[in-house]
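These notes concern the structure reproduced below.
Numbering (full-length UniProt numbering), first residue to last: 1 to 375.
Spelled out as structure tokens, the structure:
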């Protein structure tokens with residue numbers, strides 16, 4: 001006679017030839033530990049690069065910097081939640097998980113989904129805010145509206161998904177206690193919607209900068225150099241597609257816990273890549289700051305001061321490149337090798353103003369420019 005004790009009853013009966021094992025079952029826990037460690041060791045240097053630029057180069061933080069740090073904290077929270085779920089038993093096969101254990105796993109999984117949605121939304125907001133700062137000028141052209149539209153669409157999507165995951169069932173206890181009276185959204189459809197729209201968002205975050213860079217009036221080699229900064233986004237697209245594939249497999253197979261463990265690692269990697277994409281423009285600035293000899297002295301002496309009108313020609317602003325009528329031949333350089341770097345500054349007034357610049361408080365703000373120097 002089968003046991004009715006929920007602590008000894010598996011969620012699913014074992015396949016033919018296998019037996020339930022609550023003591024020492026097969027587990028994906030070693031893969032979870034290794035995968036989590038690699039993902040965070042790879043992500044941390046990019047966050048530190050951003051922090052270094054904020055502390056020692058810009059000596060200030062913009063809204064996207066704060067959001068980036070918050071998203072990284074969210075990534076850590078997501079990691080902690082998913083590792084806890086695996087420790088409880090999610091890294092096992094469904095027939096090696098008791099009904100009591102699965103109730104606890106279901107509760108933790110809902111926290112995992114909520115953390116992932118909120119963190120992913122913040123991380124992609126950072127990417128689009130930086131694209132807006134880098135690729136738009138005071139003229140609100142097509143690029144500006146495409147980026148702003150993408151920013152708004154992603155904000156609405158992730159906000160909606162966040163609340164759908166929070167209130168998947170009402171009352172919420174029904175999420176992990178199916179016997180409770182209440183109503184629930186179809187979690188399979190919710191996960192598929194999340195995976196599909198997540199891939200669309202990843203593609204958008206990759207295609208928009210590629211398109212914007214391709215519209216710049218600069219030489220092909222320079223375009224490729226700038227594209228390399230944002231090319232990491234292609235990895236996020238690939239990982240997002242793999243994550244969508246696992247969501248489809250989850251609909252077709254019953255071994256939910258085993259597959260969800262793998263999907264959780266894939267989502268963690270995708271989330272980390274999006275955070276890295278947001279930090280990539282800061283990496284060249286760290287390199288340039290630690291190697292000041294490669295930077296023009298005139299720029300080093302004035303990198304935190306306003307630029308007088310007569311000195312604007314020293315810098316190659318993206319605004320110039322965005323003008324399709326600009327002459328590329330005028331952008332030539334006598335050096336054999338060129339170092340291409342994106343510089344960003346918070347859109348706030350500098351506290352310094354050169355004497356004799358004018359009677360009013362107007363200063364020229366440097367937002368983004370492409371610097372050309374000897375490598």
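The beta-carbon is built from N, C-alpha and C at its ideal position, and this holds for glycine as well. Source: prediction; values computed, not measured.
Neighbourhood of residue i by C-beta distance below 6 Å, restricted to the same chain and skipping five residues each side
| i | result |
| --- | --- |
| residue 110 | 175 |
| residue 212 | 135 and 143 |
| residue 282 | 49, 50 and 53 |
| residue 233 | 205, 206 and 277 |
| residue 198 | 240 |
| residue 173 | 180 |
| residue 113 | 165 |
| residue 103 | 176 |
| residue 171 | 182 |
Run of the alpha helix (DSSP H) containing residue i, from where it starts to where it stops
| i | result |
| --- | --- |
| residue 239 | 233 to 252 |
| residue 202 | 187 to 214 |
| residue 141 | First-last for residue 141: undefined, no H or E at that position. |
| residue 258 | 256 to 279 |
| residue 223 | 220 to 230 |
| residue 284 | 283 to 290 |
Integer-rounded CB distance, given that residue j should sit under 8 Å from residue i
| i | j | result |
| --- | --- | --- |
| residue 190 | residue 168 | 7 Å |
| residue 121 | residue 162 | 7 Å |
| residue 238 | residue 124 | Going by Cβ atoms, the distance from residue 238 to residue 124 rounds to 16 Å, so no, they are not a contact pair. |
| residue 208 | residue 131 | 6 Å |
| residue 98 | residue 42 | Wrong, their Cβ atoms sit about 36 Å apart, outside the cutoff. |
| residue 79 | residue 37 | No, residue 79 and residue 37 are not in contact; Cβ-Cβ is about 10 Å, not under 8 Å. |
| residue 441 | residue 268 | With the chain covering 1 to 375 only, the question about residue 441 has no answer from this structure. |
Residues of its chain near residue i, where Cβ-Cβ distance is below 7 Å and the 5 sequence neighbours each way are ignored
| i | result |
| --- | --- |
| residue 14 | 20 and 95 |
| residue 74 | 115, 118, 119 and 122 |
| residue 91 | 27, 28, 29, 32 and 261 |
| residue 146 | 208 |
| residue 270 | 236, 239, 240 and 243 |
Residues near residue i by beta carbon distance below 8 Å, same chain, minus five either side
| i | result |
| --- | --- |
| residue 210 | 227 and 230 |
| residue 266 | 239, 242, 243 and 246 |
| residue 84 | 108 |
| residue 155 | 121 and 125 |
| residue 328 | Low local confidence applies: a pLDDT of 34 at residue 328 is under 50, so the model's placement there is unreliable, with the coordinate-based value given in what follows. The residues are 217, 218 and 219. |
| residue 250 | 188, 191, 256, 259, 260 and 263 |
| residue 214 | 223 |
Residue from the options with nearest C-alpha to residue i
| i | options | result |
| --- | --- | --- |
| residue 166 | 277, 279, 249 and 184 | 184 |
| residue 255 | 11, 80, 6 and 7 | 11 |
| residue 48 | 249, 263, 279 and 290 | 279 |
| residue 287 | 17, 16, 25 and 46 | 46 |
| residue 200 | 153, 251 and 23 | 153 |
| residue 275 | 223, 25, 8 and 64 | 64 |
| residue 151 | 140, 100 and 128 | 128 |
| residue 71 | 60, 44, 100 and 93 | 44 |
| residue 157 | 138, 236 and 202 | 202 |
| residue 68 | 284, 272 and 291 | 272 |
| residue 93 | 269, 186 and 18 | 18 |
| residue 7 | 141, 290, 89 and 252 | 89 |
| residue 39 | 62, 61, 171 and 76 | 76 |
| residue 225 | 252, 284, 186 and 178 | 284 |
| residue 100 | 290, 62 and 9 | 9 |
| residue 248 | 193, 290 and 141 | 193 |
Residue ranges of each alpha helix (DSSP H) run of no fewer than 4 residues wholly in the segment 42 to 97, ordered along the chain?
-> 63 to 85
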